[in-house]
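Chains as they are written, first to last, in my numbering: chain H, -17 to 288; chain X, -17 to 288.
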């Protein structure tokens, strides 16, 4: 048998990263989805983003969402913030943690936020200061960590160096983002090699994979074998349809949990309750989602033989 | 870096296993698809089945298909045969190898062919005799090897015992079939442990995975790490749509080859040519197929930065 961790923690990103890539849905539906997710055993939910509503209409009203959800005491509800102003809004809305993003690719970072990487890191330093005043942790995502759609594979050492800079800046945790689905087991190995060489503690690095090219769960397996214990996933695969061009293709939380449990990796999550949430997510966005276990059922669900 | 084989052989099953699960398409389209596939570097193509046309209308005319394809000299064109009569028809049609199937699950085998496993093995012995007379090899598939929809996980020792019986019966090679998508990395380990304990040479066992529950390529990675070097796959994911209930969900050949090449596992196949075949398959069946690399493009295909 292979050597895998006994336990993995899952961060649910459907209500933010997922819904952000869908047509806007009412605040009440976002609240309903988050509350359903918080009843599954999930301990970490990305609940909204404090961005300009003109830029991302689907995240408008995130302050209302944070005000209306029923807070489960053991769940961390996080908010994405692009800048200090967003951080202030998230703190006012009582987010449990702030999430910041910077790309490992200069080209991607510039196209995305019109800034050099070092300027983005400087902005993160400001956000960390605000978060510290409010006694909140900051989670950092390194996007294009597994590859940039403009530059191709970013040097693994550059990813590791940025990881070190962010930890130095005071972020609590790191996540490697698979922005356009370029993750692969080979790339996971290269990035982990570089992180280990740079002394970044890999067990604390969360991984965010897309299934854009079919290898989403293979990437997870590769990362588990390298000692990773934290993963992002999106309920039902919300936020990306493999049939649509340019889709983000988040791995589906229920497919991830199904595979982890089968391999003996505990998550503390109730898979059946998660599947109910995936069906709810589908109802909310009004289209079929790419998650597969919600359709096929867990492999343990047998058919009558007679 | 992980320890993977340098090379893997792929058997393309789209023209049989794939199309069998679609509405029937004209013989000319089947021939066109097979001829396109034989130009990609693939060396092994499941080209048809000699079954009763009333039972499987999509495979009617397989003799015509075998008569019309342009035979590439280094490609093996195989035919599925359910019984000695089918074997005779396949031999007459000049198939390069015969393929037989038996389930590791008594319940599944009985529901499928109304026979006990030992009766199916006896039938395979007859087919092997016919094949030997015609100087053809026989490939055997053990279905429900990763789990049965009626019985659940079949004892790995039972799978290994059946594998031994089939080798004793004179089949040239074995394939483990993931009939209803119950394969998982954990199950791969259990079956490989049993095969190794029984002295079955695992490097020669081909693996047939479905992506019914999202872990198709994770299963491939797990098997590669255990020394497997042969895989079945279906062009475009033909034969199963993850959105349809009861879909078989074959892994897509181009997604498999994309991941293998990225990990440094050679296949001798031209990925771009394979993607063209997937687009052709889509045209032939007239609907979107679940393959993802055909949609997203290989991860090496970059966008212009300006």
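Backbone N, C-alpha and C fix where the C-beta goes; we use that ideal spot for every residue, glycine too.
All figures in this text were calculated on a predicted structure; none of them were measured in a lab.
Who are the near neighbours of residue i in its chain, counting only those whose CB is closer than 7 Å to its CB and skipping five residues on each side?
| i | result |
| --- | --- |
| residue 178(H) | 184 |
| residue 68(H) | 32, 33 |
| residue 201(X) | 165, 166, 167, 170, 191 |
| residue -1(H) | 28, 216, 221, 232 |
| residue 7(X) | 1, 266, 267 |
| residue 237(H) | 199, 273, 274, 275 |
| residue 240(H) | 253, 275, 280 |
Below 8 Å between beta carbons: does that hold for residue i and residue j?
| i | j | result |
| --- | --- | --- |
| residue 23(H) | residue 217(H) | no |
| residue 235(H) | residue -10(H) | no |
| residue 221(H) | residue 3(H) | yes |
| residue 151(X) | residue 180(X) | no |
| residue 170(H) | residue 208(H) | yes |
| residue 103(X) | residue 147(X) | yes |
| residue 290(X) | residue 144(X) | In the structure as shown, chain X starts at -17 and stops at 288, and residue 290(X) therefore has no counterpart that could be examined. |
| residue 153(H) | residue 110(H) | yes |
| residue 25(X) | residue -16(X) | no |
| residue 205(X) | residue 189(X) | yes |
| residue 60(X) | residue 77(X) | yes |
| residue 263(X) | residue 271(X) | yes |
| residue 120(X) | residue 113(X) | yes |
| residue 248(H) | residue -6(H) | no |
Can you tell me the Cα-Cα spacing of residue i and residue j, whole angstroms?
| i | j | result |
| --- | --- | --- |
| residue 155(H) | residue 84(H) | 13 Å |
| residue 44(X) | residue 203(H) | 40 Å |
| residue 81(H) | residue 123(H) | 7 Å |
| residue 187(X) | residue 157(X) | 6 Å |
| residue 286(X) | residue 132(H) | 6 Å |
| residue 290(H) | residue 16(H) | The requested residue 290(H) is not part of the displayed model; chain H covers only -17 to 288. |
| residue 199(H) | residue 139(H) | 25 Å |
| residue 20(H) | residue 70(H) | 25 Å |
| residue 53(H) | residue -8(H) | 18 Å |
| residue 227(H) | residue 118(X) | Because the pLDDT of residue 227(H) is 45, which lies under 50, any placement of that residue in the model is unreliable, and the number read from its coordinates should be weighed accordingly. Straight-line Cα distance between these residues: approximately 45 Å. |
| residue 224(X) | residue 74(H) | Confidence at residue 224(X) is low in this model, with a pLDDT of 46, below 50, so the placement of that residue is unreliable and no value is reported for it. |
| residue 174(X) | residue 72(H) | 51 Å |
| residue 246(X) | residue -14(X) | 8 Å |
| residue 260(X) | residue 18(X) | 10 Å |
| residue 115(X) | residue 79(X) | 13 Å |
| residue 134(H) | residue 159(X) | 36 Å |
| residue 213(X) | residue 136(X) | 21 Å |
| residue 219(X) | residue 97(X) | 30 Å |
| residue 105(H) | residue 130(H) | 22 Å |
| residue 101(X) | residue 197(X) | 33 Å |
Using a C-beta to C-beta distance shorter than 7 Å, which residues of chain H count as neighbours of residue i?
| i | result |
| --- | --- |
| residue 244(X) | 166, 168 |
| residue 240(X) | 195 |
Which bits of chain X does residue i rub up against, with CB to CB less than 7 Å?
| i | result |
| --- | --- |
| residue 234(H) | 196 |
| residue 278(H) | 163, 194, 195 |
Check the Cβ of residue i against every Cβ in chain X and list those closer than 8 Å, keeping chain order.
| i | result |
| --- | --- |
| residue 274(H) | 193, 194, 195, 196, 224, 231 |
| residue 141(H) | Per Cβ cutoff of 8 Å: no residues; residue 141(H) is ~16 Å from chain X at best. |
| residue 202(H) | 200 |
Run down chain H in chain order and give the residues with a C-beta less than 8 Å from the C-beta of residue i.
| i | result |
| --- | --- |
| residue 281(X) | 129, 163, 164, 166, 195 |
| residue 134(X) | 282, 284 |
Taking 7 Å as the cut-off, is the CB of residue i close to at least one heavy atom of the ligand ZN?
| i | result |
| --- | --- |
| residue 70(H) | Of ligands this structure carries none, so the ligand ZN is not represented either. |
Which residues in chain X have a C-beta closer than 9 Å to the C-beta of residue i? List them in chain order.
| i | result |
| --- | --- |
| residue 237(H) | 195, 196, 197 |
Only counting the same chain, and skipping five residues up and downstream in sequence, which positions put a Cβ closer than 6 Å to that of residue i?
| i | result |
| --- | --- |
| residue 243(H) | none |
| residue 250(X) | 23 |
| residue 269(X) | none |
| residue 39(H) | 6 |
| residue 172(H) | 138 |
Cutting at 8 Å between CB atoms, please list the residues of its own chain near residue i, excluding the five before and the five after it.
| i | result |
| --- | --- |
| residue 149(X) | 156, 182 |
Counting pairs of Cβ atoms below 8 Å between the segment 268 to 284 of chain X and the segment 162 to 180 of chain H, do you hit three or more? yes
Below 8 Å, how does it come out for the segment 28 to 40 of chain H and the segment 260 to 279 of chain H: are there three or more Cβ pairs, yes or no? no
Decide yes or no for the touch test of the segment 123 to 134 of chain X against the segment 86 to 103 of chain X: beta carbon pairs closer than 8 Å, at least 3 of them.
-> Below 8 Å, enough C-beta pairs join the segment 123 to 134 of chain X and the segment 86 to 103 of chain X to call them touching: three or more.
Quick one: any contact between the segment 2 to 16 of chain X and the segment 39 to 59 of chain X, if contact means 3 or more CB pairs under 8 Å? The segment 2 to 16 of chain X, when compared against the segment 39 to 59 of chain X, does touch it at the 8 Å Cβ threshold.
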